[in-house]
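The opening residue of the sequence shown carries number 142 in the numbering used here; numbering runs sequentially from there.
Glycine included, C-beta positions come from ideal geometry on N, C-alpha and C.
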Amino acid sequence: MSGNISRRSVLIGGAAAAGVLSGVLGHRVSQAAPTGLPNPFTLGVASGDPSADGVVLWTRLAPQPLAEDGMGGMPNRVVRVDWEVAADEGFRTIVQRGTADAAPELGHSVHVELAGLRPGAEYFYRFRTEGHLSPAGRTRTAPAPGALDGLELTMCFVSCSQYEHGYFTAYRRLAEDHPDLVLHLGDYIYEYKAGDYQVPGGNPRDHAGPETETLANYRQRHAQYKTDPDLQAAHAIAPWAPVFDDHELDNNWANMVPERPERPQPNFAARRAAAFQAYYENMPLRASARPRATTIQLYRRIHWGALATFHMLDTRQYRDDQACGDGLKTCPERRAANRTIVGADQERWLLDGFRESRARWDLLGQQVFFAQLDVQPGPGETNNMDAWDGYAANRDRVVRGWVDAKVRNPVVLTGDVHTAWAADIKQRWEDPASPIVGSELVATSITSGGDGSEFRGDTEIIRLENPHIRYFNNRRGYVRTRMTADRMHADFRAVPYVSRPGAPVQTKASFVIEDRRPGLHPA
142 MSGNISRRSV LIGGAAAAGV LSGVLGHRVS QAAPTGLPNP FTLGVASGDP
192 SADGVVLWTR LAPQPLAEDG MGGMPNRVVR VDWEVAADEG FRTIVQRGTA
242 DAAPELGHSV HVELAGLRPG AEYFYRFRTE GHLSPAGRTR TAPAPGALDG
292 LELTMCFVSC SQYEHGYFTA YRRLAEDHPD LVLHLGDYIY EYKAGDYQVP
342 GGNPRDHAGP ETETLANYRQ RHAQYKTDPD LQAAHAIAPW APVFDDHELD
392 NNWANMVPER PERPQPNFAA RRAAAFQAYY ENMPLRASAR PRATTIQLYR
442 RIHWGALATF HMLDTRQYRD DQACGDGLKT CPERRAANRT IVGADQERWL
492 LDGFRESRAR WDLLGQQVFF AQLDVQPGPG ETNNMDAWDG YAANRDRVVR
542 GWVDAKVRNP VVLTGDVHTA WAADIKQRWE DPASPIVGSE LVATSITSGG
592 DGSEFRGDTE IIRLENPHIR YFNNRRGYVR TRMTADRMHA DFRAVPYVSR
642 PGAPVQTKAS FVIEDRRPGL HPA
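Rendered as structure tokens:
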């Protein structure tokens, strides 16, 4: 929340957010226009990538969201969509309005890039087309550049929502926390056909369509996920900053290498282009992210006044292939100096960002486990080649970069591993006396892996072999953070089950990172 907002306005804002959340669940759609187009707002609304004077508004028209051709039941023509932004939930004070084209070549998606709004302010938005009114969404702009005094930011981050593995209740609970910003750190969808990826006891629900390989497949899969009311609620409550991991395209892909290059499959470049286009069409991203053939520009920065800078990374598109055949391995190759997980250009961009940053908190929003993790008991080590352990020299350069730049408070935010973790980051992993120079917070999955458990059989091994690991839990959920100029408070939020809807949420553990005091401390 903006530090310049009074307590009364905060309370009003919370009530308004609750109203939007309620509206997402039970909005009424107006009657169809004479054209006969059924309700096209089945996928909800979203906003994203906030700046100090604007934000991206998103929707996608799809009266038949699971249509096999991926077009959502829309006619093959451009459809005009009206949008409006208000200062209040009741839309009595309209501050901007306009019209956008929903075109078939972009899956009838709408991306409206707003500018000219007040910094650090809450807004409400909605769309209208051919006699139908969308649900309303709540969004906000970032504080003014340089703003710090009194600022407070509630940010949640999530990853790994396998539709088949359970219900998206954790998204609903996140929405009920009324965050100011949400980061999605990858695996927003999964590519498998129904039943290919099972949890113990069987999947509670199924994917529609085959394994995603074509643009029509990816559009249909994104649409199926977007029909979930809990996910719609999370999108409608706050602006998002999303980045993908692997399952938005293909499990464990690396650059131009698919997971199984030996099996017959469509041209991988074409599959990659289709996945990137569908990802852009279904996310509240700026036009700068619109794909060009097989590339998409996803690494970027989001500034929250002088309080926080989010360096959103892409650890898939530019990486070297996983070492030693991927998986958990004892692999000297992982330390090769030339191995990269982010690519040379993105690495330079990140290190430049460290040198230029004046933020109180510098946060890396990224996909895979950053801290060193040895899963082999006793002498020797076994590491995950799909994580930063498989690119150890690249990780060392990033850590050295923020140390040399004297970044005030570096924090790595991570997804991917379907479990919750908290870790201290050491300057040199092999030296027990090496100083702690940062922290890593890892969000568990929204559903991937099913209900989960409090512990796993390898929990004790992990603790013994990795003394820098401060927390581990195998339930589903998300991480909620609250940042001020003096401290960052992180709550690991989890639900006891996802195999049926409606689970409650509880805080399993909380940590504090204090300004200029690296490392995690129990709250």
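Check	Outcome
Residues near residue 410 by beta carbon distance below 7 angstroms, same chain, minus five either side	397, 435
Presumed contact (8 angstroms Cβ cut-off) between residue 306 and residue 560, rounded CB distance	That pair is no contact at about 14 angstroms.
First and last residue of the uninterrupted beta strand (DSSP E) at residue 225	220-227
Cβ separation of residue 282 and residue 260, assumed to be a contact under 8 angstroms, to the nearest whole Å	5 angstroms
Presumed contact (8 angstroms Cβ cut-off) between residue 507 and residue 450, rounded CB distance	Not quite, the Cβ-Cβ distance comes to about 14 angstroms (not below 8 angstroms), so this is no contact.
DSSP state of residue 382 mapped onto helix, strand, coil	strand
Burial state of residue 611, where buried means 16 or more other Cβ atoms lie within 10 Å	buried
Three-state secondary structure assigned by DSSP to residue 559	coil
CA-to-CA distance, residue 497 to residue 293, given in whole angstroms	23 angstroms
Start and end residues, beta strand (DSSP E) containing residue 394	Counting along the chain, residue 394 falls outside any beta strand (DSSP E), and DSSP gives it neither H nor E.
Where residue 585 falls, given that 16 or more other Cβ within 10 Å makes a residue buried	buried
Those residues which DSSP pairs with residue 647 across a bridge	635
7 angstroms Cβ shell around residue 644 - same chain, five flanking residues per side excluded	310, 636, 637, 638
CB-CB length for residue 624 against residue 454, believed under 8 angstroms	Residue 624 to residue 454, Cβ: 19 angstroms. No contact.
Collapsed DSSP secondary structure at residue 614 in the structure displayed	strand
Residue 246 classed as buried or exposed, judged by whether at least 16 other C-beta atoms fall within 10 angstroms	exposed
Status (buried if at least 16 other CB within 10 Å, exposed otherwise) for residue 404	exposed
Cβ pair residue 211, residue 390 closer than 8 angstroms	no
The segment 423-438 contacting the segment 485-496, beta-carbon criterion three pairs below 8 angstroms	no
Exposure of residue 452, with buried meaning 16 or more beta-carbon neighbours within 10 Å	buried
Reduced DSSP secondary structure (H/G/I, E/B, other) of residue 367	helix
Buried versus exposed, by CB contacts within 10 Å (16 or more), residue 594	exposed
Status (buried if at least 16 other CB within 10 Å, exposed otherwise) for residue 235	exposed
The segment 358-366 in contact with the segment 326-346 per 3-pair CB rule at 8 angstroms	yes
The segment 544-555 in contact with the segment 575-582 per 3-pair CB rule at 8 angstroms	yes
Close beta carbons around residue 223, own chain, < 6 angstroms, minus the five adjacent residues each side	240, 269
Cut-off 7 angstroms between Cβ atoms - residues of its own chain near residue 194, not counting five sequence neighbours on either side	256, 257, 258, 260, 282
In chain order, each beta strand (DSSP E) run of at least 3 residues that lies wholly inside the segment 437-505	441-445, 449-453
Extent of the continuous alpha helix (DSSP H) to which residue 581 belongs	Taken as a continuous stretch (DSSP letters only), residue 581 belongs to no alpha helix (DSSP H), being part of the beta strand (DSSP E) at 577-583.
Reduced DSSP secondary structure (H/G/I, E/B, other) of residue 619	strand
Short Cβ contact (8 angstroms threshold) for residue 626 with residue 322	no
Rounded straight-line distance, which links the Cα of residue 337 to that of residue 190	34 angstroms
Strand pairing of residue 263, partner residues [DSSP]	281
Assumed close pair residue 280, residue 304 - CB separation to whole angstroms, cut-off 8 angstroms	Actually they are not in contact, since the Cβ atoms of residue 280 and residue 304 sit about 25 angstroms apart, beyond 8 angstroms.
Simplified DSSP assignment, three categories, for residue 166	Below a pLDDT of 50, predicted positions are generally treated as unreliable, and residue 166, at 41, falls in that range; the measurement from the model is reported next regardless. Residue state, collapsed to three classes: helix.
8 angstroms Cβ cutoff met for residue 326 and residue 300	yes
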